[in-house]
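Numbering (our numbering), first residue to last: 1 to 620.
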């Protein structure tokens, strides 16, 4: 029993030992929440409150679930409990629901042999329905309809009542597609990913089935509760309703997935659901230095719609946060590359413990090119190298057939990915003599529009918006080379470096720095973090400047990025940026204005740039 409390601080011990009421643990970044959650689960077994098989631990990724299961098994073994690891349930919401439906789904007409449709299957099915209903696919795009149906299911809105929640002919048409989609899934005994949650909640309306699982799992422990959506929130509430034995761990300040349907307000709703709820704050951070935490706290403290934890470092004060303003985006990447070289060569830094974090995938392009030129091995986490992205390769194929009409490989790609109708429009564009006079950037913009290629994407769709950003970023490269031949040659040379590096991957993968978006960095930690592109329009993103709720999420995203750093944090921005093919003069991010000057070591900035004056948007 003492071993379960060994090494814990007072707040962690209190959370582990708590009994008698539902528990909410507000756990700040780096505060040891997984340790607390698994030791609490082991404590419940050790005190005889539950058997190991009566614990239900839920989280969001298979990696996190595996880590929790391994830790719990090791803890129980150390207590002398003979338990099979397979008998413990620590898993994702979706894996839990899948098991429930295979075991008890017949109650609502779901056979245990159901198949699960992936994203490709879903879009293919929706495309067939659009065709059968004779709808205009340019207006009713499969990815857009898929996103609407997913959102409806996350909010527990069935096809039968979808039109009640929206109005107008567009909503009525979507309702028709949704209804057909559900009929065809049922006919083939298939479920989509969102159905696993949606149908389990529906199944639990059968009180005898619900009671069966309430009796099986007498204590429910949920990690990252701020990331739950409506169906996950209700599912948890139903499971814990009988015994009121719920432990929820989360941090509203790290809620960055609203675009997936996650709602941090579910944390706040727990107080209404459980009037006797106990709240414990974990505010000792075991990851970052105090200077990094103070800077991050200054940023997040401006949010007003959720609780803010003031983190205190368990370690040292550390060095100051470095702030660097570059001349442009290439200078920014060169600065980062130079610092990385210096840290590795003179400080003995581990390259795998260095990360570059950015707001949009398109920002990776400049860093990739500079790193290749300066022989810095890198790995893109959760993404594809810029010139390997499908939309970038599509646009390059359009430019290559314009440059050389005999390029049959590019023609094949155009036919495969754009169709014969668009291919005919490409030929028409190529044969227009006036287009021969266009420079690379203007040519690229014209051919993507005239061919109809851009019609494939819906700017309102999150995934499509990212693809469009990559297309626009390619225009930034095109602007540097007015001659099309020079542009295509440069791209080929960079691609060749990609492939050369890939061939040596086994030799350098353990020496590579990490490049990733801020969203992909959640849950990770690094000795050194470069948070780049700290400008208005990038972070916070231009799409989220006008709504308070969205702006607060941008601030949370910045906070998450800053708290990934253990010992060194660099914040960089550019005075001007060639972004999406246009030179932009962005103001420094408003989040930088929150940082006291005594926390910063400023580089690449003249004193006049940050003196206090009436016109100073920076806030110094």
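All residues carry an ideal CB built from backbone N, CA and C; glycine is no exception. These numbers were taken from a predicted model, which means no experiment stands behind them.
| Check | Outcome |
| --- | --- |
| Pick from 48, 138, 11 that is closest to residue 35, judged by C-alpha positions | 11 |
| Under the three-state DSSP convention, the category residue 588 falls into | strand |
| Cβ contact (3+ pairs, closer than 8 Å) linking the segment 236-247 and the segment 210-222 | yes |
| Assigned secondary structure, residue 37 (DSSP; H/G/I helix, E/B strand, else coil) | helix |
| Cβ pair residue 555, residue 308 closer than 8 Å | no |
| Coil, strand or helix - residue 1 by DSSP | coil |
| Among 594, 591, 193, 575, nearest to residue 585 - alpha-carbon criterion | 575 |
| Given 8 Å, three or more beta-carbon pairs between the segment 461-476 and the segment 427-436 | no |
| For residue 464, three-class secondary structure by DSSP | helix |
| Beta-bridge pairing of residue 92 - partner residues as DSSP gives them | 59 |
| Residues that residue 222 bridges to, as DSSP identifies them | 58, 248 |
| Straight-line Cα distance separating residue 97 from residue 53 | 17 Å |
| Reduced DSSP secondary structure (H/G/I, E/B, other) of residue 31 | coil |
| Residue 578, buried or exposed, once every other Cβ within 10 Å from all chains shown has been counted against 16 | buried |
| Residue 357 - partner residues in DSSP beta bridges | 516, 531 |
| Extent of the continuous beta strand (DSSP E) to which residue 566 belongs | 565-574 |
| Segment contact flag, the segment 555-575 with the segment 386-402, C-beta cutoff 8 Å, min 3 pairs | no |
| Where residue 255 falls: helix, strand or coil (DSSP) | coil |
| Chain-order list of residues whose beta-carbon lies under 6 Å from that of residue 609 (same chain, five-residue window excluded) | For residue 609, the predicted model reports a pLDDT of 49, less than 50, meaning its position is unreliable; a value from the coordinates is still stated below. So no residue of the chain qualifies. |
| Beta strand (DSSP E) segments (min. 3 residues) lying fully within the segment 131-185 | none |
| Cβ pair residue 231, residue 201 closer than 8 Å | yes |
| Rounded Cβ spacing between residue 487 and residue 451 (contact assumed at less than 8 Å) | Contact doesn't hold; Cβ gap of about 18 Å is too wide. |
| Residue span of the beta strand (DSSP E) that contains residue 190, given as start and end | 190-192 |
| Cβ neighbour criterion (16 or more within 10 Å) applied to residue 5 | exposed |
| CB of residue 38 within 8 Å of CB of residue 17, strictly | no |
| beta-carbon residue 323 near the ligand FMN non-hydrogen atom, thresh 7 Å | This structure lacks the ligand FMN; in fact it carries no ligand of any kind. |
| Buried versus exposed, by CB contacts within 10 Å (16 or more), residue 227 | buried |
| Cα-Cα separation between residue 107 and residue 273, rounded to whole angstroms | 28 Å |
| For residue 92 and residue 154, the rounded distance between their alpha carbons | 16 Å |
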